[in-house]
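Per our numbering, residue 539 is the first one in the sequence shown, and the count goes up by one each step.
A short write-up of the structure that comes next.
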Amino acid sequence: MIIKTLLHLTTCFTRIAVTGNLTAEEFKQLTDSKDVKFTQSDSDLTVQDEELSIKVDKKDLSDVINMIEGREKQNLSSFKNILKTLKKNENNQKTLLQRIEEGTTSFFLIFSNEITGKDTAHLRMLKEKEIPYFITSDKKIAESLDCKFPSVLGYNANDSIIYKTENLNVGMVLTPILSTLTTDSIKYMDLSGIPPFYIFFDSDLTNDNIATSKDSVDKKRTTSISRAELRGIAYENKEKYKFSLIKYVKGQTDLSHFGISEGDLPAMVHVNEKREKFVLKELTDVSVRNYIETFSQAIPYKRSEKSDTYDEKNKEGGLKYLVGENHNSFLQSNIKKDTLVVYGSARCPHCVKLLPTLAKLAEDLKDVKNVEISYIDLEKNDVSVKIEAFPTIMLYPASEDKKSEKTLDERGIKYADFSRTDQALRKFIKEKGTLNKELEVIEEQVQEEPFNGDENEMVPPQDVEHVKEEAREEL
């Protein structure tokens, strides 16, 4: 009986067969599949599996074998009845209200007697995505649904979650509670205006735990939080914060921008409007909840501050090259001076072109006691200033108030002119500064070429926006 069973199993098991004009050595080079039988012949290269027989080019052999191995093998004769059923349902499509009642369609109920300019971007998104929305001024309908007037009721069909908000916020409702970053979730998250938290991971997230996988950096490392726990935290904070997963791909995802390394994964990162990066490396249910609570109370949390090494020789030259760790202290110690800071990057051609002009200006003014000229590379350093493009030229005018409560963003005056010559920068310091109204402005023609272009040509900083852009390209 056992022999018969084994013979039956052997007979039933059919490997994929390849026949064609190849040598055995060529076949081995083209595919490493062990479940493929190869027979050399003078015929066209053919792949066979049960009733399937497909001619294939040599270069496509491995891909075709993989696709055939992954195909469904159910008996296709049953599709005759399936198609009959589909045909019958084709003319019996459910109405919009039926689909809404079943919870299969996202929708919005807008209770209002006014549509403002702020609402138009959100309504445009709904129309673009063909998501149904209803607008009514009937306060009784709002009351019957336990909604205020004005207010909005939104439903996310993918997450099966109802939102009730004061204002129309399509992004809040349609951003997934917790999912891998996609093109749509990027759009919704940006539209929501809600602080985002990004969870970088290098292994498969399961409902039970974060399991290590074959592409995990550290196969022995395990973590103490599950996807289900993360989703629970995201659900509890769904109207305050948004959470998104970003899969780390070795050689593609630059973690150094966030002050984390492969060994820290999974890790959670928040980037605020100033592009300050706040990092949590040890993910547990308790630590993530504490992190969110700390953030909600605006309590300073551990921040990832990328900083280059400071060169003490800097003190001797005219142009001061700042680093992340001394940027704020430099501005504070020179608060009684008019301080010009250029925020740039080595990959920004305009910054590279500007440096000789900046160095010459700093050298010429190094004996002027009330002026400091400095430069910082933001690809290597983090600062607590909101920088939207490279180069950004900021003047921090002198102040007698050493204990000023103004932030650096509030203190700084952004240079908006396209001309970046010695003469133009001197004029900027003289007119916008506090102490140097008599600063000499060189009138003769300078050798430096002025910047001719528009602000769109300026180079954006690399951080989460860069990662999101990579996600867009991959998707």
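Backbone N, C-alpha and C define an ideal beta-carbon position, used for all residues, glycine too.
Note that the structure is predicted; figures quoted are calculated from it, not measured.
If you draw a 10 Å sphere on the C-beta of lysine 944, you find fewer than 16 other C-beta atoms in it, and that means exposed. By the Cβ rule, the stretch 791-798 does not count as touching the stretch 688-708, because fewer than three pairs are nearer than 8 Å.
By the neighbour-count criterion, in which a residue is buried when 16 or more other Cβ atoms sit within 10 angstroms of its Cβ, lysine 622 is exposed. Each of Phe649, Leu647, Ala695, Leu599 was checked against the Cα of arginine 637, and the nearest Cα belongs to Ala695. Its chain contains Arg637, Ala695 as the residues whose beta carbon lies nearer than 6 Å to that of threonine 643, once the 5 sequence neighbours on both sides are disregarded; these appear in chain order. Exclusion of the five residues before and after asparagine 872 leaves Glu910 as the residues of its chain whose Cβ lies within less than 7 Å of its Cβ. For threonine 721, there is no enclosing beta strand (DSSP E); the enclosing alpha helix (DSSP H) has its first and last residue at 721-730. For asparagine 604, the closest alpha carbon among the candidates Ala555, Leu560, Thr832 is that of Ala555.
Glycine 856 carries a coil assignment under DSSP once its states are collapsed to helix, strand and coil. Short of 6 Å from the beta carbon of leucine 860, and not among the five residues preceding or following it, lie these beta carbons of its own chain, in chain order: Phe868, Ser912, Ile914. Cα atoms of glutamate 800 and aspartate 740: separation of roughly 8 Å, rounded to the nearest angstrom. Exclusion of the five residues before and after isoleucine 951 leaves Leu933, Lys970 as the residues of its chain whose Cβ lies within less than 6 Å of its Cβ. Straight across, the Cα-Cα distance linking cysteine 889 with threonine 674 is about 53 Å. For threonine 569, the CB contacts under 7 Å within the same chain, skipping 5 residues up- and downstream, are Leu599, Ser600, Ile603 in chain order. Note that the C-beta distance between aspartate 697 and proline 714 is below 8 Å. When rounded, the separation of the alpha-carbon atoms in lysine 677 and lysine 686 is 8 Å. In the structure shown, the three-state DSSP call for lysine 819 is coil. In this chain, the beta strand (DSSP E) harbouring glutamine 578 covers 574-578. When beta bridges are read from the DSSP output, leucine 783 appears opposite Thr718, Ile737.
Serine 937 and proline 733 have their C-alpha atoms roughly 33 Å apart.
Taking C-alpha positions only, leucine 783 is separated from threonine 959 by approximately 45 Å. About 6 Å separates the beta carbons of threonine 718 and lysine 785, which is inside the 8 Å limit, making them a contact pair. By the neighbour-count criterion, in which 16 or more other beta carbons inside 10 Å mark a residue as buried, serine 579 falls on the exposed side. Under DSSP, isoleucine 554 shares a beta bridge with Val574.
Look at the stretch 919-947 and you find no whole run of alpha helix (DSSP H) that is 4 residues long or longer.
According to the DSSP assignment, aspartate 684 belongs to no beta strand (DSSP E), since it is labelled neither H nor E.
Residue environment for proline 894: exposed (fewer than 16 other C-beta atoms within 10 angstroms of its C-beta). Per the DSSP secondary-structure output, alanine 805 pairs in a beta bridge with Phe738. In the structure shown, isoleucine 873 falls within a coil segment according to DSSP collapsed to helix, strand and coil. By the Cβ-count criterion, valine 824 is exposed, with fewer than 16 other Cβ atoms from all chains shown falling within 10 Å of its own Cβ. Taking a 10 Å sphere around the C-beta of leucine 647, we find 16 or more other C-beta atoms and assign the residue as buried.
Ranked by Cα distance from isoleucine 763, the first of Met710, Ser730, Leu716, Glu820 is Glu820. Beyond the five residues adjoining it in sequence on each side, arginine 769 comes within less than 7 Å, by CB distance, of Ile715, Leu716 in the same chain, given in chain order. Look at glycine 862 here: in three-state DSSP terms it is helix. Where leucine 634 is concerned, the enclosing alpha helix (DSSP H) starts and stops at 634-640.
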